[in-house]
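Take the position in the sequence shown, starting the count at 1, then add 14; the result is the number in the numbering used here.
Backbone N, C-alpha and C fix where the C-beta goes; we use that ideal spot for every residue, glycine too.
Following: one structure in structure tokens, then a few remarks.
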Amino acid sequence: MAKICVVEKDKCNPNRCSHECIKYCPINRSGGEGFRLGEDKKAMIPEEVCVDAHSICAKKCPFGAIHLVNLPQELDVPPIHQYGQNGFRIYRLPIPIFGKVVGVLGRNGIGKTTAIKILAGLLKPNLGNIETEASYDDVIQYFKGTEAHTYFEKVKSGEIVLSYKPQNIDQIPKAYKGKVGDLLKKVDEKNEFEKIIELLDLKKILDRTLDQISGGELQRVAIAASSLKKANVYFFDEPTSYLDIKQRMKVSKFIQSLADENTAVIVIEHDLIVLDYMTELVHIVYGQENVYGIVSQTKSTKAGINTYLSGYLREENVRFRDKPIHFDPKPPSVNKKDHFLVSWTPLTKKLGEFTLTAEKGDLYKHDVIGILGENGIGKTTFVKELANVEGTTSRGTLKVSYKPQYFEPTDELVMVYLDHAIKKYETQLINPLRIKPLYEKQLNQLSGGQLQRVVCAKALAEDADLFLLDEPSAYLDVEQRLLMSKMIREMMLLKGKAALIVDHDLLFIDYLSEKIIVFEGEPAISGNVTGPFTMADGMNGFLRDLNMTFRRDGESGRPRANKEQSQMDRQQKSEGKLYYTG
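Here's what the structure looks like:
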């Protein structure tokens with residue numbers, strides 16, 4: 015069985031420990047050379063001397079920076095790529111298939127982006143030899159006898175031309191200056207400028223510069239720019255981040271339209287409803303965060319997502335999660351008068367040309383209410399209004415805890431920022447959200463997903479009556495999203511309080527919510543707040559506007575979007591049951 019030792023360099027802090035890994039290393043203690051400090055003054059060990067006894071070194075490391083891992087026996091081969099001595103490594107690659115949209119599904123920090131960057135020619139793999147990049151001939155030989163062999167041969171010969179939409183779109187305005195329209199015309203190799211800006215709703219922003227547009231607009235510009243290149247393999251890394259539900263479905267259909275007999279598409283996506291709707295096949299990437307990742311064989315999308323939720327790959331006999339994730343139908347919630355918490359009065363608010371109106375609404379203890387609506391329709395404005403509301407509860411003045419959509423991190427240490435949460439809710443929040451390894455980091459050193467978990471933990475730990483969380487699923491992977499929803503529900507039960515959650519991931523909202531508030535209107539012009547409704551009534555109204563229907567998967571219970579004009583879609587529309595709760 016292959017054994018690897020990985021040192022997370024950003025966690026390793028030799029200046030603040032007693033070099034336990036070196037002191038307790040069984041090879042060092044017997045006079046050999048095991049763990050030592052490398053040129054970067056961080057812990058390292060020659061790969062070939064890793065033995066089971068080194069598990070003591072991993073346990074003794076005060077920062078949890080050392081990992082000793084047994085790989086499956088069939089992986090007794092070099093990785094596709096390894097990031098330096100004792101660094102993260104990725105095994106196998108997803109493979110583009112012409113005529114298909116192929117999805118890549120897995121946790122954050124497990125190599126999904128690394129894999130498609132290798133396929134897109136943006137990262138030269140080293141095949142486990144950290145001293146040098148591999149040549150195309152080396153890569154072709156490595157994959158001899160597999161589909162990847164043919165793929166890399168065609169890339170080398172120029173038969174396959176690649177286009178890549180990056181994950182971190184916020185870097186685009188730093189690299190490109192000028193107007194949106196000028197950028198898209200510059201990269202238009204297919205003479206489809208007019209067609210694509212129409213399909214992606216970009217006409218209104220063509221005269222704006224890239225630093226003047228929203229995250230959702232920038233995402234669609236990035237998708238357009240990638241799609242205008244004359245390529246026959248397209249890669250999209252998280253193409254629906256920042257997009258509302260209507261835009262996600264529109265982008266899904268657009269990406270689907272790119273795949274034909276001469277064109278392949280690969281997509282990394284954390285929104286399972288979108289992934290299910292957009293792709294025909296998926297690869298699951300499993301392993302250990304920041305340690306290693308393994309790409310599975312392809313599966314049909316339905317089977318692949320259900321396998322991912324089950325946590326067990328039958329064909330490879332690998333269990334990568336302790337418990338399966340199942341979506342249990344929620345019974346209609348019943349509000350009792352003695353559980354009343356607070357209400358808001360009808361409101362009208364003008365912001366320039368935009369007008370927000372809201373009907374009267376009531377909140378009850380233990381309420382967890384999802385808020386749905388398009389971007390630019392007043393959801394965040396409404397939540398901010400509630401955050402400043404001067405209501406009363408049975409205990410006196412209403413106290414509100416607010417997690418904003420955007421958070422500007424400082425250089426404050428995580429352990430200081432979360433002092434109250436650590437003291438009071440270590441078991442309920444800190445441990446499940448795996449925040450302890452982040453204690454020594456500054457907020458501005460965290461990744462997007464890490465920062466989201468930390469900021470949500472602080473908000474949920476506050477002593478408040480009403481918890482307002484704006485897009486808590488942003489930057490989180492599938493498992494983290496479902497875990498976050500579980501934490502929110504459990505904290506409301508524990509505290510006897512209520513939460514309002516703004517989010518665009520319908521599966522996240524479905525897993526989390528008992529009721530729904532729906533925003534109607536026209537983006538940037540008007541927004542009207544309706545509800546709270548039961549899940550069935552609220553989702554029926556919301557999906558009617560989207561002209562969509564949802565069913566429950568028979569195996570996992572997860573919500574699935576029906577293909578437009580499919581038999582199930584037509585049947586549910588005829589019955590007026592656009593959303594199945596059971």
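Query                                                                                                                                                                  : Result
Suppose contacts are defined by Cβ-Cβ distances below 8 Å. Is ALA129 in contact with VAL116 by that definition?                                                        : no
So is CYS19 buried or exposed if we call it buried at 16+ other beta carbons inside 10 Å?                                                                              : buried
Of the residues GLY45, ASP202, GLU569, which one's Cα is nearest the Cα of ILE319?                                                                                     : GLU569
Taking one C-beta from the stretch 192 to 201 and one from the stretch 265 to 276 each time, how about it: are there three or more such pairs within less than 8 Å?    : no
Helix or strand or just coil, what does DSSP make of ASP479?                                                                                                           : coil
Is the Cβ-Cβ distance between PHE250 and VAL281 less than 8 Å?                                                                                                         : yes
From ASN100 to PRO338, what distance separates their C-alpha atoms?                                                                                                    : 31 Å
In the structure shown, what three-state DSSP assignment does GLY555 receive?                                                                                          : helix
Counting along the chain, where does the alpha helix (DSSP H) carrying PHE251 start and finish?                                                                        : A small fix is needed here, since residue 251 is Asp in this sequence, not Phe. Premise fails: ASP251 lies in the beta strand (DSSP E), 247 to 251, not in any alpha helix (DSSP H).
So is HIS434 buried or exposed if we call it buried at 16+ other beta carbons inside 10 Å?                                                                             : exposed
By Cβ distance, which residues of its chain are closer than 8 Å to LYS374, with the 5 residues on each side in sequence left out?                                      : SER357, TRP358, THR359, PRO360
With DSSP as the reference, label ASN389 as helix, strand or coil.                                                                                                     : coil
Span of the alpha helix (DSSP H) holding VAL169?                                                                                                                       : 161 to 171
GLU426: which of LEU443, GLY390, LEU465 sits nearest, CA to CA?                                                                                                        : LEU465
Compute the distance between the beta-carbons of GLN419 and ASP484, then report whether it is under 8 Å.                                                               : yes
Cutting at 6 Å between CB atoms, please list the residues of its own chain near ASP524, excluding the five before and the five after it.                               : PRO573
Could you pull out every residue in the same chain whose Cβ sits closer than 6 Å to the Cβ of HIS3, ignoring the five residues on either side in sequence?             : The structure shown has nothing for residue 3, since the chain only spans 15 to 596.
Determine, using beta-carbon pairs with one atom in the stretch 382 to 392 and one in the stretch 504 to 522, whether at least three such pairs fall under 8 Å.        : yes
Using a Cβ-Cβ cut-off of 6 Å (strictly less than) and excluding sequence neighbours within five positions of TYR248, which residues of its own chain qualify?          : SER177, LEU272, VAL279
Counting pairs of beta carbons, one from the stretch 232 to 242 and one from the stretch 210 to 224, are three or more of them closer than 8 Å?                        : yes
Please confirm whether VAL299 has its beta-carbon closer than 8 Å to some beta-carbon of chain D.                                                                      : Annotation note: the requested chain D is absent from the structure, which comprises a single protein chain.
Distance check for PRO187 and ALA236, CA to CA, integer angstroms please.                                                                                              : 11 Å
For CYS470, collect the residues of the same chain with a Cβ closer than 7 Å to its Cβ; drop the 5 residues on either side in sequence, then sort them by chain order. : LYS417, LEU483, PRO486, MET498
Excluding five sequence neighbours on each side, which residues of the same chain lie with their C-beta closer than 6 Å to the C-beta of SER240?                       : SER177, LYS179
Return helix, strand or coil for ASP290, following the three-state DSSP convention.                                                                                    : helix
Short check: CB of ASN246 to CB of ASN276, under 8 Å?                                                                                                                  : yes
Nearest-angstrom Cα distance between LYS599 and ASN140?                                                                                                                : What is shown of the chain runs 15 to 596, which leaves residue 599 out entirely.
For the stretch 312 to 331 against the stretch 291 to 302, are there 3 or more C-beta pairs whose distance is under 8 Å?                                               : yes
Using CA atoms only, rank isn't needed, just tell me which of HIS297, HIS81, ALA238, GLU62 is closest to TYR322.                                                       : HIS297
Run through DSSP, which three-state label would THR441 get?                                                                                                            : helix
Would you kindly work out how many angstroms separate the C-alpha atoms of GLU167 and VAL175, rounded to a whole number?                                               : 12 Å
Quick check on LYS364: buried or exposed, where buried means 16 or more other Cβ atoms within 10 Å of its Cβ?                                                          : exposed
Suppose the cutoff is 6 Å on Cβ atoms and the five residues either side in sequence are ignored; what does the same chain contact list for ALA134 look like?           : LEU176, TYR178, PHE249
Does ASP184 come out as helix, strand or coil in the three-state DSSP assignment?                                                                                      : helix
Across the stretch 30 to 39 and the stretch 76 to 95, are there enough close Cβ pairs to call them in contact, namely three or more that are closer than 8 Å?          : yes
Measuring only the C-alpha atoms, how far is GLY590 from ILE391?                                                                                                       : 26 Å
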